[in-house]
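For the sequence shown, the working numbering begins at -14 and goes up steadily by one. Before any comments, here is the structure.
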Amino acid sequence: MSDTDSENSQAPSKKVLIIGLDNSGKTSILLSLTKTTNLLSYFSIKPTKGIQISSIEDGERIVKVWDFGGQKSYRNDYLQNMDQYIEGVDELIYVIDIQDRRRYDEALEYLKNILKAIGKPERKIDLTIYFHKFDPLLDVLEEYSTQTISLKLVGDINAIATPTYDPKIFKTSIYTIFQKKTFQ
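Put into structure tokens, the structure is as follows:
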């Protein structure tokens, strides 16, 4: 991972925002994207302060990933200044901690506020939702079954996002070093 792209200034780039509530696992996803396999790296993660921008080489292009700290103290600022963050964005990854069921409503409300702050984008932005911390064997529990999660989250996400966006929803977990499965 490089914080500068001077050596790759000719490479095409992609801008990705990773947003979600605090403790949803955004930074661990970023570590997974960089193919970090040192388990100690995941245990030493601290809450992101503000926005951290990282560059990841992906084949022949550079992916600029903006990791937004999810603490409540930052969220209003992000919403008020979304115009400056959204410029040039190709993809917005919204992360929901699937194990934190008591915060589902808060997570959905924040997603709704983000999309409202963005408004009608001038160009297409891909919206990807990660149901993160979907750890092995979790889906054998009734409260995490596809049917239960669909009833609790997927319908609301589609209602919030459409018709402007066609969200792609994935189950993710660091236990599989960023294995993602299509939700439906």
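Glycine included, each C-beta is placed from N, C-alpha and C at the ideal position. Keep in mind it's a predicted model, so treat the numbers as computed, not measured.
Any heavy atom of the ligand FMN within a distance shorter than 7 angstroms of the CB on T33? The ligand FMN is absent from the structure shown, which contains no ligands of any kind.
Alpha-carbon to alpha-carbon, I83 and G5: C-alpha separation (whole angstroms): 12 angstroms.
Beta-ladder partner(s) of S5, from DSSP: Inspection of the sequence shows that residue 5 is occupied by Gly rather than by Ser. Per DSSP, V80.
Does the distance from the CB of I110 to the CB of E76 come in under 8 angstroms? yes
Which class does A(-4) belong to by DSSP, given the choice of helix, strand or coil? DSSP places A(-4) in coil when its eight states are reduced to three.
DSSP-derived helix/strand/coil call for E42: strand
Over what stretch of residues does the beta strand (DSSP E) that includes T113 continue unbroken? 111 to 117
Pull up the CB-CB distance for I134 and I142, whole angstroms please, since I reckon it's below 8 angstroms. No, I134 and I142 are not in contact; Cβ-Cβ is about 10 angstroms, not under 8 angstroms.
C-alpha distance - K(-1) paired with L18, whole-angstrom precision: 14 angstroms
Quick check on S130: buried or exposed, where buried means 16 or more other Cβ atoms within 10 Å of its Cβ? exposed
Nearest-angstrom beta carbon gap, L112 and Y70 [assumed within contact, 8 angstroms]: With 8 angstroms as the limit, Y70 and L112 do not qualify as a contact, their Cβ atoms being about 15 angstroms apart.
On a Cα-Cα basis, can you pick out the residue from P32, E45, P121 that is closest to S58? P32
Can you give me the C-alpha to C-alpha distance between K34 and Q132, rounded to a whole angstrom? For K34 and Q132, the distance between alpha carbons rounds to 36 angstroms.
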